[in-house]
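Residue numbers (our numbering), protein chains in the order written: chain A, 772 to 966; chain B, 16 to 66.
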């Protein structure tokens, strides 16, 4: 049913609806907004030219993300080394632990996130932020599902280290609003587990 | 991220929360005018090509 509905939509129109998340993914890969916008433009041109190859009813977001990451790793990695950090995002924060005052600041998280290796940042973005299942993210990256799980776990562990989070005080490391979200999420998870 | 980890640790939950927020903040930003111009140009080209 969903596939029939999707098949009625012009894939070019659907492509446009994914531009925002495509750009977010590009920024997480490049860590450079200017490069990210170039990468998205190149991805869009490639996708548009190959739109007839897209199979209606399948996951266009995964298809676009795959084109984008392939373009990034084949074309942009070298360029990134040469011109990355034009905004000083990295140089301001490398190897600096957050001086948090009992709360996990959003800015501290972002500083730590950009320090992760490419493959870990990508894994966290695909699985943790974009909502792809492990096997979908693994397929997009051309690795085994177990490898993807391992990357996510290593990334998560590295962030915990960079943010200096400890198991004992982590519940106090955020503001009330965030904790409400976290606690609500845990309640839902427990409910699902016990159901 | 939590498929295999229903008893998610608080640190992981915090990281996931910030990760999603960071991604969503970027995803809902207004798209660059250059990108929208590119889309318009591609559509125009398709129209000229009879697609």
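We treat Cβ as the ideally placed atom computed from N, Cα and C, and that holds for glycine.
Backbone CA spacing between residue i and residue j [nearest angstrom]
i                     : j                     : result
residue 47 (chain B)  : residue 830 (chain A) : 25 angstroms
residue 876 (chain A) : residue 66 (chain B)  : 50 angstroms
residue 924 (chain A) : residue 59 (chain B)  : 46 angstroms
residue 40 (chain B)  : residue 905 (chain A) : 23 angstroms
residue 884 (chain A) : residue 929 (chain A) : 9 angstroms
residue 841 (chain A) : residue 785 (chain A) : 21 angstroms
residue 780 (chain A) : residue 55 (chain B)  : 18 angstroms
residue 796 (chain A) : residue 824 (chain A) : 22 angstroms
residue 848 (chain A) : residue 61 (chain B)  : 31 angstroms
residue 887 (chain A) : residue 24 (chain B)  : 20 angstroms
residue 782 (chain A) : residue 822 (chain A) : 7 angstroms
Minimum C-alpha distance to residue i - residue among the options
i                     : options                    : result
residue 919 (chain A) : A:808, A:898, A:886        : A:898
residue 900 (chain A) : B:38, B:26, B:44           : B:38
residue 935 (chain A) : A:903, A:879, A:780        : A:879
residue 43 (chain B)  : A:799, A:790, A:843, A:806 : A:790
residue 908 (chain A) : A:836, A:805, A:804        : A:836
residue 892 (chain A) : A:788, A:793, A:798, A:794 : A:798
Presumed contact (8 angstroms Cβ cut-off) between residue i and residue j, rounded CB distance
i                     : j                     : result
residue 894 (chain A) : residue 926 (chain A) : 6 angstroms
residue 812 (chain A) : residue 34 (chain B)  : Contact flag wrong, Cβ pair sits at about 25 angstroms.
residue 818 (chain A) : residue 911 (chain A) : Not quite, the Cβ-Cβ distance comes to about 14 angstroms (not below 8 angstroms), so this is no contact.
residue 49 (chain B)  : residue 808 (chain A) : 7 angstroms
residue 810 (chain A) : residue 843 (chain A) : 6 angstroms
Residue i burial status per 10 Å Cβ neighbour count (16 or more: buried)
i                     : result
residue 27 (chain B)  : buried
residue 63 (chain B)  : exposed
residue 820 (chain A) : exposed
residue 32 (chain B)  : buried
residue 805 (chain A) : exposed
CB contact below 8 angstroms: residue i versus chain D
i                     : result
residue 931 (chain A) : You won't find chain D in this structure, because its protein chains are A and B.
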